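For the sequence shown, the residue numbers in my numbering are 1 to 224. Glycine included, each C-beta is placed from N, C-alpha and C at the ideal position. Small disclaimer: the values here were computed from a predicted structure and weren't measured.
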Amino acid sequence: MLISSTWGLMLLALVISGVAQMKVSSTFRKYSKVRSRKGVAACDAARRILDYNGLTNVQIERMRGNLTDHYDPRHKTLCLSESVYLSDSVAALGVAAHEAGHAIQDKEGYAPLRMRSALVPVANFGSQISWIMVLLGFLFSFNGLIDIGILLFSAVVLFHLVTLPVEFNASARALAALEGGGVLEADEAQHTKRVLSAAALTYVAAVLVAILQLARLLLLRSRR
């Protein structure tokens, strides 16, 4: 029964993750076909937002891939994917402005962003090593290794939890900047909000998946 429960948790995690990814992909495709009335390209909109907030030192670069957009705080670079960079769709504008929002958070020293950045190396280490520790603990019947693995994976859960306010705040900044800066009109901003809300689901799903995986580890530990 315990084995069945743990596999059930893993299956549920896979379903949640898959549904979230399909939702964001379908929503982005839908609103990528809706061009903004002002016709401002996503890269130009991001540049306006950055410059308005005194971030003239942040460079905007075009990168390969689809929805690979991100802000690199180490090199002060905002990277926009090929499907976003020159597009003037309400979807592309939302993505570009969202990443610009992260740059503003970085400048302001936004506490959740600083906390997430501090957790990155711990979370990366935990995601790579935790399951190995758990497996070794079961293999050698050493509960201490299992407990260390669970503790390490708890850092992964914490990282995903801290990510939520970072992403929600960046989306709120994006919508305010696009509408307040005259790039989008009110009805267009609603379309962009749907895109950003769908993207937010992936982060919520990541939290749920991490929690379910942690619950699975705790159930396995209870067997000991």
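- Query: Along the chain, where does the beta strand (DSSP E) that runs through GLU61 open and close?
  - Reply: Counting from one through the sequence shown, the residue named residue 61 turns up at place 61. For GLU61, the enclosing beta strand (DSSP E) has its first and last residue at 59-63.
- Query: Given that a residue counts as buried once 16 or more other Cβ atoms are within 10 Å of its Cβ, and exposed if not, what is ALA13?
  - Reply: Numbered from 1 along the sequence shown, position 13 holds the residue referred to as residue 13. By the neighbour-count definition (other C-beta atoms within 10 Å, threshold 16), ALA13 is a buried residue.
- Item | Ranges of the alpha helix (DSSP H) found wholly within the segment 140-204, counting only runs of at least 4 | With a minimum length of 4 residues, the continuous alpha helix (DSSP H) runs that stay inside the segment 140-204 are 143-180.
- Is ARG114 helix, strand or coil by DSSP? As a first step, residue 114 must be located in the sequence shown, where it is residue number 114. Residue state, collapsed to three classes: helix.
- Tell me, please, which residues DSSP counts as bridged to ASP106. Here residue 106 refers to the residue found at position 106 when the sequence shown is read from its first residue. BP columns for ASP106 are empty, so no partner.
- Query: The alpha helix (DSSP H) with LEU50 in it runs from where to where?
  - Reply: By one-based count along the sequence shown, residue 50 stands at place 50. Annotation: the continuous alpha helix (DSSP H) that includes LEU50 extends over 42-52.
- Could you name the residues of the same chain whose beta carbon sits closer than 6 Å to that of PHE159, not counting the 5 residues immediately before and after it, in chain order? Start at 1 with the first residue of the sequence shown, and residue 159 comes out as number 159. Contacts found: LEU119 and ALA123.
- Item | Contact between the segment 22-42 and the segment 82-100 (3+ Cβ pairs under 8 Å) | Verdict: yes, contact present.
- Item | VAL19 to ASP69 span [Cα, whole Å] | Position 19 of the sequence shown holds residue 19. Position 69 of the sequence shown holds residue 69. If I take the Cα positions, the gap works out to 21 Å.
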